[in-house]
Amino acid sequence: MRLDVVTIFPEYLEPLNVSLVGKARARGQLNVHVHDLRDWTYDRHNKVDDTPYGGGPGMVMKTDPWGDALDDVLADGYETGSRTPALVVPTPSGRPFTQALAVELSERPWLVFTPARYEGIDRRVIDEYATRMPVYEVSIGDYVLAGGEAAVLVITEAVARLLPGVLGNAESHQDDSFAPGAMANLLEGPVYTKPPQWRGRGIPDVLLSGHHGKIARWRRDEALGRTAVNRPDLIEQTDASVFDKKDRETLSIMGWRPSTDGRFWRRPEGVEE
23 MRLDVVTIFP EYLEPLNVSL VGKARARGQL NVHVHDLRDW TYDRHNKVDD TPYGGGPGMV
83 MKTDPWGDAL DDVLADGYET GSRTPALVVP TPSGRPFTQA LAVELSERPW LVFTPARYEG
143 IDRRVIDEYA TRMPVYEVSI GDYVLAGGEA AVLVITEAVA RLLPGVLGNA ESHQDDSFAP
203 GAMANLLEGP VYTKPPQWRG RGIPDVLLSG HHGKIARWRR DEALGRTAVN RPDLIEQTDA
263 SVFDKKDRET LSIMGWRPST DGRFWRRPEG VEE
């Protein structure tokens with residue numbers, strides 16, 4: 023996979039040289055290019071922003087530097103044999119970044135990131151490149167950062183670990199929180215390792231039992247419990263048909279009830295049935 027990032031702060035992307043992503047780059051599984059947007063400015067101040075039309079606070083990133091930068095990055099990628107690119111635009115107004123979207127992006131051969139600063143990029147830039155390639159406007163959460171570089175790091179790590187060969191164990195991500203499959207829409211439960219006793223705290227006996235069926239059931243029950251407490255919205259969104267008999271018993275103990283629309287719901291605390 024090829025990744026290109028255009029930014030006014032290339033140094034912010036240094037973490038792409040370490041950990042799993044750095045190792046994937048060293049092995050040639052990720053071909054990463056970080057570009058300084060100011061290389062495509064032509065005034066002595068390397069200006070990349072201007073005041074917004076219509077007034078208002080803040081500054082807007084200009085069309086010309088972004089357009090020239092993206093044209094050159096795309097041309098270089100095509101010349102080196104990269105296939106159809108996709109533009110990834112980190113923005114608080116984008117669609118939520120989810121594990122499912124990470125999987126979708128991991129299946130693309132070439133991602134071009136445009137982390138913005140200030141009030142964002144002139145909309146015409148996004149509209150222009152949307153005529154040439156798929157565009158993903160992505161939000162990593164309901165909050166606003168000073169710029170999109172942190173989002174690039176989040177998205178890149180989530181995507182890179184899904185690429186074949188990046189994780190040491192190819193099955194490591196299958197039981198992740200939000201991973202598709204039997205644990206879909208459930209947060210991952212607690213995990214333990216050696217030693218079996220630490221500061222007077224042990225580990226659940228079932229994990230020492232060697233009984234794979236009981237261990238799997240315990241893990242699912244723990245995942246259900248953690249999800250119900252920390253992300254009840256995920257339980258509410260899940261089709262009740264994916265829950266087995268034991269799941270339903272566990273949810274019932276925690277106050278969840280099946281509804282007429284084929285999902286589970288829980289009455290708010292303090293409200294009597």
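Each position in the sequence shown, counted from 1, maps to that position plus 22 in the working numbering.
Ideal Cβ placement from N, Cα and C applies to all residues, glycine included.
Nearest by alpha-carbon distance to lysine 267: which of Gly44, Asp94, Asp243 is it?
Nearest option by C-alpha distance: Asp243.
- Under 8 Å, do valine 181 and alanine 124 count as touching if we go by C-beta distance? Yes, Cβ-Cβ distance for valine 181 and alanine 124 is below 8 Å.
Next item on the list: For alanine 279, collect the residues of the same chain with a Cβ closer than 8 Å to its Cβ; drop the 5 residues on either side in sequence, then sort them by chain order.
Entry: Alanine is not the amino acid found at residue 279; the sequence shown has arginine there. These residues qualify, in order along the chain: Phe286, Trp287, Arg288, Arg289.
Uninterrupted alpha helix (DSSP H) stretches inside the segment 81–129 (no shorter than 4 residues):
Complete alpha helix (DSSP H) runs here, min 4: 85–101, 121–128.
Buried or exposed: isoleucine 275, going by 16 or more other Cβ atoms within 10 Å of its Cβ?
Label assigned to isoleucine 275: exposed.
| said: Can you tell me whether leucine 38 is buried or exposed? The criterion is at least 16 other CB atoms within 10 Å of its CB, across all chains shown. | reply: Per the 10 Å Cβ criterion, buried.
Reduced DSSP secondary structure (H/G/I, E/B, other) of valine 43: Correct three-state label for valine 43: helix.
Item to complete: Under 7 Å Cβ to Cβ from arginine 60, same chain only, skipping five residues before and after it: list those, please.
Response: If we look at arginine 60 and ignore the five residues flanking it on each side, its Cβ neighbours are Ile30, Asn68, Val70.
Worksheet item: Helix, strand or coil: how does DSSP classify threonine 29 here?
Response: Threonine 29: strand per DSSP, three-state reduction.
Check whether tyrosine 151 and leucine 92 have beta carbons under 8 Å apart: With respect to leucine 92, tyrosine 151 sits close: the two C-beta atoms are nearer than 8 Å.
Straight-line Cα distance separating methionine 23 from tryptophan 132: Using only the alpha carbons, I get a separation of about 6 Å.
Rounded straight-line distance, which links the Cα of glycine 99 to that of aspartate 26: Rounded to the nearest angstrom, the two C-alpha atoms are 9 Å apart.
Please go through the same chain and pick out, in chain order, the residues whose beta-carbon is closer than 6 Å to the beta-carbon of valine 54, but skip the five residues on each side of it. For valine 54, same chain residues with a beta-carbon under 6 Å away, outside a window of 5 residues either side, are Leu25, Leu38, Arg47 in chain order.
Item to check | Sub-8 Å separation of valine 160 and valine 110 beta-carbons | outcome: Yes, the pair counts as a contact, with Cβ atoms nearer than the cut-off.
> Using the C-alpha atoms, what's the distance from valine 43 back to alanine 204?
Replying inline: Summary for alanine 204: the model assigns pLDDT 46, below 50, so the residue's position carries little reliability, and this model does not support an answer.
Could you name the residues of the same chain whose beta carbon sits closer than 8 Å to that of tyrosine 140, not counting the 5 residues immediately before and after it, in chain order? Only Asp71, Gly80, Met81, Val82, Met83 meet the Cβ criterion.
(message) Going by C-alpha to C-alpha distance, which of Gly163, Thr136, Gly78 sits closest to proline 118?
(response) For proline 118, the nearest C-alpha among the options comes from Gly163.
Neighbourhood of glycine 116 by C-beta distance below 8 Å, restricted to the same chain and skipping five residues each side: So the qualifying residues of the chain are Tyr158, Glu159, Val160, Ser161.
Using only CA atoms, which one of Leu256, Leu52, Gly78 lies nearest to serine 104?
Restricting attention to Leu256, Leu52, Gly78, the CA atom closest to the CA of serine 104 is found in Leu52.
Tell me, which residues are paired with asparagine 53 by DSSP? In DSSP, asparagine 53 forms a bridge with Arg24.
**Message:** On the DSSP letters alone, give me the boundaries of the beta strand (DSSP E) that glutamate 159 sits inside.
**Reply:** Looking at the DSSP string, the run of the beta strand (DSSP E) that includes glutamate 159 is 157–161.
Our contact map puts proline 32 next to aspartate 58 with C-beta atoms below 8 Å; I'd like the distance itself, whole angstroms only. In this structure proline 32 is in contact with aspartate 58, their Cβ atoms being roughly 5 Å apart against a cut-off of 8 Å.
**Prompt:** CA-CA distance, valine 56 and valine 188?
**Reply:** Spanning the alpha carbons of valine 56 and valine 188 requires a straight line of approximately 20 Å.
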